[in-house]
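In the UniProt record's numbering, the protein residues as written are 1 to 796. Ideal Cβ positions, reconstructed from N, Cα and C, are used throughout, including at glycine.
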């Protein structure tokens, strides 16, 4: 054997590719094998990447990473998030800025959210950050050229919170870990409470009558032993939250809670050692137990409310099958890839069907249980369920840009956009804590002069009984539950003001084609007025209309001829299209546009001209939706005025309006005419606009509240506050009822939380509320608010 073949080549660092020095032993297990590292820096970063569940970085990277220097421990856990390959899984580019959805750990109230938003917003390069206290998520937008993501994450970590890019599976694991920790803390507090309460009965009720002083002292010491683990372990989350607030010069709800427990424990400890005064060990244990129980139930309620959107991601399979049978991770699919979807499988990616005719269950998107028939060139979405036939699919978007990911992202954005009532509740809760602390201090001063022996426990009762937990939960829990319910109805919420505005709408403005009608238009008759045949004029019209995205345009798809091509096509929104065919000017659209202001004599027609000469008339049919008449009637019964606003001819518009019962009709309106009409209406009415076309986009953007049909154009959806995924108009009625119910729930929550505090505060200050009753009352108040909000999920 050649000696050169026996030569051992120097090892390359698996992380950065540099030479591994001799006599070093820096290894990390990656993808089932021990990988050599050149230095402790690379070893630490590699361990962090693996420990964070991002091993896919090493699977799909295209080049070695830069050599890792030794950095502070905190940055070692975050630095890998700056890697471009790692970021591709969760960072989105939006208007030359970058956006990421973060999961947060440690957020317990509105003050936590305010603190994170305030501190991160102060950093250079941050455009915005919005925190949702219910879902424990945040949406961060930043300029990558000015600041690194790891730097912003480290700012959050320095505040005492944990932040990482949101991943549904990872979030599930974190949730279960948190629940397990709460159960441990709750169990210790519960056991201690039972033991200390038995001893308290002997001490306070003198069960043994002539109990000797040394036995009283013994019972106190035993109570101290049981209460200490509760103080040091069970109640630790309250102290951490309070310390974060104090460090940041804010006042969260855990500040009075922590002060009450610490004061009670220290005073009881002094009383036990000196054998003088009262002890409150039973109140401490009970307080921790009930507060932890409330937080535990609150976490479960938050989880139930927030799980609907997050669970959608679980419907996307992990692997996809290429046409050659090879299995590849879904996250690696790129636009243009071809895959095969087998019977009964969830579709792995958004795309168009290139082979096959199948039934697709889209209930997870639209709420409709009846499968939809899909054929060649039809669009299907990741997470929807294939029927009994396999088909081939052309991938049109990555997992990050899929419809499901967009829905989750938009729902998070909508929940982060707080209505005025939620903003007011957050402000009130922050100032309420300061007020309570001041009142508690004044209470102690007063009772110390009047009745010194009772001053401390009265102050303790004030701190405990009036904790604003319920006030902070009143609005966000209700809005999160309502958003989840709305998604179940097949409505995508894009703006947070929807629930507030939907209750106030008093004028409905609705488009015709594709909204009140199905938009599944067919050409029923072709009338020619030249030497050109029907086939020829239809092919010219189809080539022109292929440059538009409107139901009428799609009716010409079946007449496409690859040998007939129209060039230089321009879309005159609200009128028609104009282009060049064999050097001649061709137009298609309304009579006024194509025939130089000559009006149509019949409904449901479009016209074609060559060099301004009328060559063909196309008659079409567009059936009215079965639910349109009942939909309009329900709005009228609610006292809401209705206007049909359309760019179609007056004759077409009135035919539809008369059939479904709309008296007010505005027809032949161009996009600017629609917007001008709406602006005039907005001066005296709260308007809701429903539309589906490009020509509806300006009007949708200008209405107080706008709804885009799911089958409409992307421009319309981008301008709308809500998107009706299933095109079922009656879902909008259900959304309005839900909005009214949500408003009622929020008012009930606020009335209860404010009313409870208004009632309990004077009673506590007057000394009529014992500490243990204050504990029960405060915890019950929070549980009542959360349970009331969960009623919005009924039937989901």
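On the CB-based measure, 16 or more other CB atoms within 10 Å of its CB, does residue i come out buried or exposed?
i           : result
residue 357 : exposed
residue 238 : buried
residue 136 : buried
residue 778 : buried
residue 783 : buried
residue 787 : exposed
residue 38  : buried
residue 762 : exposed
residue 33  : exposed
residue 142 : buried
residue 282 : buried
residue 94  : exposed
Suppose the cutoff is 8 Å on Cβ atoms and the five residues either side in sequence are ignored; what does the same chain contact list for residue i look like?
i           : result
residue 348 : 316, 317, 319, 320, 330, 333, 339, 341, 382
residue 570 : 577, 578, 579
residue 452 : none
residue 659 : 624, 629
residue 107 : 113, 116, 131, 133, 136, 161
Helix, strand or coil for residue i, going by three-state DSSP, please let me know.
i           : result
residue 797 : The first residue shown for the chain is 1 and the last is 796, placing residue 797 beyond what the model contains.
residue 316 : coil
residue 240 : helix
residue 625 : coil
residue 483 : helix
residue 29  : strand
residue 454 : helix
residue 107 : coil
residue 586 : strand
residue 630 : helix
residue 129 : strand
residue 207 : Summary for residue 207: the model assigns pLDDT 46, below 50, so the residue's position carries little reliability, and this model does not support an answer.
residue 252 : coil
residue 137 : strand
residue 548 : coil
residue 523 : strand
residue 21  : coil
residue 448 : helix
residue 605 : strand
residue 468 : coil
residue 258 : helix
residue 560 : coil
For residue i, which of the options has the nearest alpha-carbon?
i           : options            : result
residue 214 : 703, 459, 275, 435 : 275
residue 28  : 50, 18, 452, 159   : 50
residue 230 : 252, 247, 261      : 261
residue 325 : 654, 286, 593, 390 : 390
residue 594 : 47, 765, 474, 617  : 617
residue 649 : 666, 661, 532, 548 : 666
residue 388 : 402, 372, 620      : 372
residue 278 : 250, 224, 292      : 224
residue 244 : 234, 235, 255      : 255
residue 284 : 657, 350, 266      : 266
residue 681 : 705, 655, 403      : 705
residue 234 : 293, 252, 221, 591 : 293
residue 300 : 272, 228, 177, 287 : 177
residue 529 : 737, 608, 156      : 608
residue 691 : 647, 652, 651      : 647
residue 797 : 513, 556, 549      : Nothing about residue 797 can be reported from this structure: the residues present for the chain run from 1 to 796 only.
Excluding the 5 residues preceding and the 5 following residue i in the sequence, name in chain order all residues of the same chain whose CB lies nearer than 7 Å to its CB.
i           : result
residue 11  : 20, 36
residue 544 : 566, 569, 577, 579, 586, 588
residue 812 : This structure cannot settle anything about residue 812, because the visible part of the chain is limited to 1 through 796.
residue 792 : 478, 481, 482, 485, 741, 742, 745
residue 632 : 642, 660, 661, 662
residue 518 : 622, 623, 625
Among the residues of its own chain, which have a CB less than 6 Å from the CB of residue i, if the five just before and after it don't count?
i           : result
residue 257 : 238, 467
residue 440 : 459, 462, 463
residue 81  : 149, 150
residue 802 : The chain is shown from 1 up to 796; residue 802 falls before or after that span and cannot be answered.
residue 354 : 392, 394
residue 280 : 264, 268
residue 739 : 499, 502, 503
Practice problem: Within the stretch 344–393, note down every full alpha helix (DSSP H) run reaching 4 residues or more, in order along the chain. | Solution: For the stretch 344–393, the full-length alpha helix (DSSP H) segments reaching 4 residues or more read 363–366 along the chain.
Quiz prompt | Complete runs of the beta strand (DSSP E) confined to the stretch 668–748 [at least 3 residues] | solution = If we require 3 residues or more, the beta strand (DSSP E) runs fully inside the stretch 668–748 come out as 687–691, 705–709, 722–724.
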